[in-house]
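Each residue of the sequence shown is one higher than the one before, counting from 16 in this note's numbering.
Just below is one structure, and these are the notes that go with it.
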Amino acid sequence: MNFRFQNLLGAPYRGGNAVISNNTLLISPIGNRVSLTDLVKSQTTTLPFQSSSNLSRLAVSPDGTFLLAVDDRNRCLFVNLRRRAVLHRITFKHRVAAVKFSPDGSLIAVAAGKLVQIWRSPGFRREYFGFELVRTFADFAGKITSFDWSPDSNYLLVGSKDLTARIFYLKKLSGGVKYRPFLFLGHRDSIIGSFFGVDAKTNRVCKAYTVTRDGFLNTWSFTADNEGFGVMDVDEGSEPASPGTPEIDAERNLENGDGDGEVGVKKRKELENGNGGLVDEDEYLCRGRWEMLRKDSFMQAPAKATACDYHRGLDMVVVGFSSGVFGLYQMPDFVCLHLLSISRERITTALFNELGNWLTFGCAKLGQLLVWEWRSESYILKQQGHYFDVNCVAYSSDSQLLATGADDNKVKVWTLSSGFCFVTFSEHTNAVTALHFISNNDKKCLLSASLDGTVRAWDLIRYRNFKTFTTPSSRQFVSLAADQSGEVICAGTSDSFEIFVWSMRNGRLLDVLSGHEGPVHGLMFSPINNILASSSWDKTVRLWDVFDGKGAVETLTHTHDVLTVAHRPDGRQLACSTLDGQIHFWDPIDGLLMYTIEGARDIAGGRLMTDRRSAANSTQGKYFTTLCYSADGSYILAGGSSRYICMYDVADQVLLRRFQITHNLSLDGVLDFLNSKNMTEAGPLELIDDDNSDIEDGLDIQTRGKLGLDLPGAMPNRGRPIIQTKSLRIAPTGRSFVAATTEGVLVYSVDDSFIFDPTDLDIDVTPEAVDEALSENQPSRALILSLRLNEDSFIKKCIFAVSPTDIPAVATSIPYRYLQRLIEALADLLENCPHLEFILRWSQELCKAHGNYIQQNSRNLLPSLKSLQKAITRIHQDLADTCSSNEYMLRYLCSSGAKK
Numbered sequence: 016m017n018f019r020f021q022n023l024l025g026a027p028y029r030g031g032n033a034v035i036s037n038n039t040l041l042i043s044p045i046g047n048r049v050s051l052t053d054l055v056k057s058q059t060t061t062l063p064f065q066s067s068s069n070l071s072r073l074a075v076s077p078d079g080t081f082l083l084a085v086d087d088r089n090r091c092l093f094v095n096l097r098r099r100a101v102l103h104r105i106t107f108k109h110r111v112a113a114v115k116f117s118p119d120g121s122l123i124a125v126a127a128g129k130l131v132q133i134w135r136s137p138g139f140r141r142e143y144f145g146f147e148l149v150r151t152f153a154d155f156a157g158k159i160t161s162f163d164w165s166p167d168s169n170y171l172l173v174g175s176k177d178l179t180a181r182i183f184y185l186k187k188l189s190g191g192v193k194y195r196p197f198l199f200l201g202h203r204d205s206i207i208g209s210f211f212g213v214d215a216k217t218n219r220v221c222k223a224y225t226v227t228r229d230g231f232l233n234t235w236s237f238t239a240d241n242e243g244f245g246v247m248d249v250d251e252g253s254e255p256a257s258p259g260t261p262e263i264d265a266e267r268n269l270e271n272g273d274g275d276g277e278v279g280v281k282k283r284k285e286l287e288n289g290n291g292g293l294v295d296e297d298e299y300l301c302r303g304r305w306e307m308l309r310k311d312s313f314m315q316a317p318a319k320a321t322a323c324d325y326h327r328g329l330d331m332v333v334v335g336f337s338s339g340v341f342g343l344y345q346m347p348d349f350v351c352l353h354l355l356s357i358s359r360e361r362i363t364t365a366l367f368n369e370l371g372n373w374l375t376f377g378c379a380k381l382g383q384l385l386v387w388e389w390r391s392e393s394y395i396l397k398q399q400g401h402y403f404d405v406n407c408v409a410y411s412s413d414s415q416l417l418a419t420g421a422d423d424n425k426v427k428v429w430t431l432s433s434g435f436c437f438v439t440f441s442e443h444t445n446a447v448t449a450l451h452f453i454s455n456n457d458k459k460c461l462l463s464a465s466l467d468g469t470v471r472a473w474d475l476i477r478y479r480n481f482k483t484f485t486t487p488s489s490r491q492f493v494s495l496a497a498d499q500s501g502e503v504i505c506a507g508t509s510d511s512f513e514i515f516v517w518s519m520r521n522g523r524l525l526d527v528l529s530g531h532e533g534p535v536h537g538l539m540f541s542p543i544n545n546i547l548a549s550s551s552w553d554k555t556v557r558l559w560d561v562f563d564g565k566g567a568v569e570t571l572t573h574t575h576d577v578l579t580v581a582h583r584p585d586g587r588q589l590a591c592s593t594l595d596g597q598i599h600f601w602d603p604i605d606g607l608l609m610y611t612i613e614g615a616r617d618i619a620g621g622r623l624m625t626d627r628r629s630a631a632n633s634t635q636g637k638y639f640t641t642l643c644y645s646a647d648g649s650y651i652l653a654g655g656s657s658r659y660i661c662m663y664d665v666a667d668q669v670l671l672r673r674f675q676i677t678h679n680l681s682l683d684g685v686l687d688f689l690n691s692k693n694m695t696e697a698g699p700l701e702l703i704d705d706d707n708s709d710i711e712d713g714l715d716i717q718t719r720g721k722l723g724l725d726l727p728g729a730m731p732n733r734g735r736p737i738i739q740t741k742s743l744r745i746a747p748t749g750r751s752f753v754a755a756t757t758e759g760v761l762v763y764s765v766d767d768s769f770i771f772d773p774t775d776l777d778i779d780v781t782p783e784a785v786d787e788a789l790s791e792n793q794p795s796r797a798l799i800l801s802l803r804l805n806e807d808s809f810i811k812k813c814i815f816a817v818s819p820t821d822i823p824a825v826a827t828s829i830p831y832r833y834l835q836r837l838i839e840a841l842a843d844l845l846e847n848c849p850h851l852e853f854i855l856r857w858s859q860e861l862c863k864a865h866g867n868y869i870q871q872n873s874r875n876l877l878p879s880l881k882s883l884q885k886a887i888t889r890i891h892q893d894l895a896d897t898c899s900s901n902e903y904m905l906r907y908l909c910s911s912g913a914k915k
């Protein structure tokens, strides 16, 4: 039951801005979660916490310690990245369009509506409320879109939708003079990017760039002037200037001797002379002139500029457009270095890394995230998730690979250890509904069924579609199964209610099984014989003898539509779920009903925004659409149109645990009770788009998948996506399971390193006793004590304390009841430890010493043995690839040396 969230696959990027920390760590939002991608190690992980809605803005501190994540509801999380823990939470009053740490990491600038708020950054101190508001600037007439810090963290260049940009000074000027922001005019559209340019020698600001939405870049130059332009003095207690009425401001300034008149200049000179003529060095931008040097066009009309970034060290600007084109320009001469198209949809984020050699682009509508090295013109990262709902998942036999199929007609294969998709098959022309790995390791074959009327076989070595199974007339396949040998393929249909049987060897249609009177949504072969079980909406489960061709062997009748079916791994039990929310367990040999689980209350979901009944009185979604047995058959996972995944004990028919797959309020069906304040005469407030903000921000509301009306009584999706679980699969090792949900593919795994669960604890079994045994050179006793203590770090420490010559003797002395825990520790070490020969020697000696016991208790030890096999297989593949590469390199060197 110790399953914890580990990763999220299938949706690398869904909108918002991405950031890069420490030059190689890409941080991007995935719905209401945060994904971390190591661009050097090619690994991606998802942070365990969730926000209350989809994340829109991210910011990372300069040292890479802290992360600021703001969602669509203006709720902010302050996160310690290294500990992956949320330290503080705060809610802003206005929509946050931009957020950024200062270069020294002490301040945070937040663009909240028309305000610029400067907050003091919370640190490692324990505080009840770590955020402290330092300054607020309210000079804008439109919403703020972008800003940039100066290198000394004293100035802020802010751009807005009111077609202006301003420079703010965060400190107080010497002599009691108040700073008046510089105003940049001349823009014809809202500003999407504003950046400071610095002098390479002095590291001081000497220029500025503003990028507008209509595709223009303005270059501004600064000229120092000791006469104090841009400064005005205001008596204490006087009324502050009104930025919305410039005529009144000018009159007031002339009357009071402020502004740029002769009286104002004279008064400021007196203040400076009164201070001995000393001016603070940080105030150099407060005394000078700004002027526009040039205005350049990107020449991409009618496309709009949607994202941009600037690198100070290289003096380069990268701009992404709504047409999917991006441009890289060398400043200040505006020389175009690259102009390429990477997508058909708008680019929603574009940024440099710290060194400036990598460019990161994101496309929200297609779920694309790209990292491109512009000097060598090569991809560092190229990932695209399923931009429609994932319908089905399948594990490979060694639990290393995961295949996903979705409504976007694509099949993707992922490496679970890295979280990356390494191959995408796009030959299907309609939604992919079912997947199945051929269990024979030698074949490396994946099967997929689709609504386009084909079942395709994919070669995972050459990455090609080597066989396609079709029917005489077009059918829509919604279920798929293959026998243990992989020679017979079966697929169920939703339109003709038939089951088609093909030969894998020659692709010939062998038989058509008729008898069902409804869509066949469940199909599975028995693990111990060749009996095929099929479930249908005609309220029956039928057992077929496919090889003898005798038709239906037995029919198991139910009172409601049967939605799915699953075999226990030992083949002695059959589970099926019905539309009334029950799970029925049958004996497939005798055809008798063993017991039933009432699960309607456990799976009950939240209330949809279009529901006229409350969640308690609604029957919508109170049933299971997917079932999966554990590796040992002791428990079963069940999911459906709900935010919950239920885990049941099969023997006792009790609910062990409920996994809540999301807390994202951007999805429908998460809340049990809706707030009546959000309901208007025109419908729910969140479904009304007043200012067309989604189109403007590049987050067009997408049409969801093609399978929204598959289940009886299903409601159409009239706005926000509905949370549901379409497929569940447990890994053959039993150490993890995956769930295909609306947000993507959630991966849950067992991590024993965080759990203290002693197996045989008494007063003498302590960490001190383990250390004492090691100091007395008693490795066998120390290892047994650590296994009884069941502390992961002590077990591994005792394993490495055994010398290679003593491994056979120590392995023989291990009691049988501790074997499983020791095998799990060895499997974990093989995944992360460089001492390959040492761990393999341990595994070999354990098998020699306890081979008979392992063979007799293979069922109980199967999950840990599968984990060990997975680790050994991965290492074998890595070594084989390395040796092959070295072999060809040596051949090349020898041949080139012989020619010379």
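Glycine is no exception: its CB is placed at the ideal position from the N, C-alpha and C atoms.
Quick caveat, the model's predicted, so the values are computed rather than measured.
- Separation of C323 and K115 (C-alpha to C-alpha, rounded to the nearest whole angstrom) is 15 Å.
- Taking 7 Å as the cut-off, the Cβ atoms of L431 and L450 do not count as close.
- Counting along the chain, F540 sits inside no alpha helix (DSSP H); it lies in the beta strand (DSSP E) bounded by residues 535-540.
- The distance from the Cβ of I514 to that of L495 is about 11 Å, inconsistent with a contact at the 8 Å cut-off.
- With fewer than three CB-CB distances shorter than 8 Å, the region 672-680 does not count as touching the region 24-41.
- Between the alpha carbons of D843 and A886 lies a distance of about 8 Å.
- Excluding sequence positions up to five before and after I598, its CB lies within less than 8 Å of the CB of A590, C591, S592, T611, I612, G614, F639, L642, I651, A653, Y663, all in the same chain and listed in chain order.
- The residues N372, W373, I395, in chain order, have a CB closer than 7 Å to that of E388 in the same chain once the five nearest residues on each side in sequence are set aside.
- In terms of Cβ geometry, S742 and A755 form a close pair [threshold 7 Å].
- Contact annotation: V426 and F435 have beta-carbon atoms that are not nearer than 7 Å.
- With contacts defined as CB atoms closer than 7 Å, P196 and F183 qualify as a contacting pair.
- When the five nearest sequence neighbours on each side are left out, the beta carbons in the same chain lying within less than 8 Å of the beta carbon of S649 are those of D664, V665, A666, in order along the chain.
- M624 carries a coil assignment under DSSP once its states are collapsed to helix, strand and coil.
- One thing to note: V535 has its Cβ no nearer than 7 Å to the Cβ of S518.
- In this structure V333 touches A365 by the C-beta definition: roughly 5 Å separates them, less than 8 Å.
- If the five residues before and after P603 are omitted, its C-beta is found closer than 6 Å to the C-beta atoms of L589, all from its own chain and listed in chain order.
- Residue pairing of F93 in beta bridges, as defined by DSSP: L83, H103.
- Only residues of its own chain outside the window of five on either side were considered, and among them L558, G606 have a CB closer than 6 Å to the CB of E569, listed in chain order.
- Taking the Cβ atoms as the reference, T225 lies roughly 5 Å from A180, within the contact range of under 8 Å.
- Residue state for H582 is assigned as strand, using DSSP reduced to three classes.
- With contacts defined by Cβ atoms closer than 7 Å, T80 and N22 do not form a contacting pair.
- Distance from N875 to D647 at the Cβ level is roughly 7 Å; contact confirmed, criterion being Cβ atoms closer than 8 Å.
- Unbroken beta strand (DSSP E) runs of no fewer than 3 residues, entirely contained in the region 168-210, are found at 170-175, 180-184, 197-199, following chain order.
- If you compare the alpha carbons of N424, V577, Y325 with that of T375, the shortest gap goes to Y325.
- Apart from the 5 residues on each side of it in sequence, K811 sits with its Cβ closer than 7 Å to the Cβ of A840, L844 in its chain, given in chain order.
- The three-state reading of DSSP puts L381 in coil, since its state is none of H, G, I, E or B.
- Counting only runs of 4+ residues, no alpha helix (DSSP H) is found wholly inside the region 310-377.
- Under the three-state reduction of DSSP, K863 is assigned to helix.
- Note: F452 is bridge-paired with L461 in the DSSP secondary-structure output.
- Relative to the Cα of W473, the nearest Cα in the group W552, I357, T483 belongs to T483.
- The distance from the Cβ of S801 to that of V785 is about 5 Å, consistent with a contact at the 8 Å cut-off.
- Using a Cβ distance threshold of 7 Å, F336 and A316 do not count as a contacting pair.
- The three-state secondary structure of S801, taken from DSSP, is helix.
- When rounded, the separation of the alpha-carbon atoms in S50 and L70 is 11 Å.
- A direct Cα-to-Cα measurement between V825 and S795 gives close to 5 Å.
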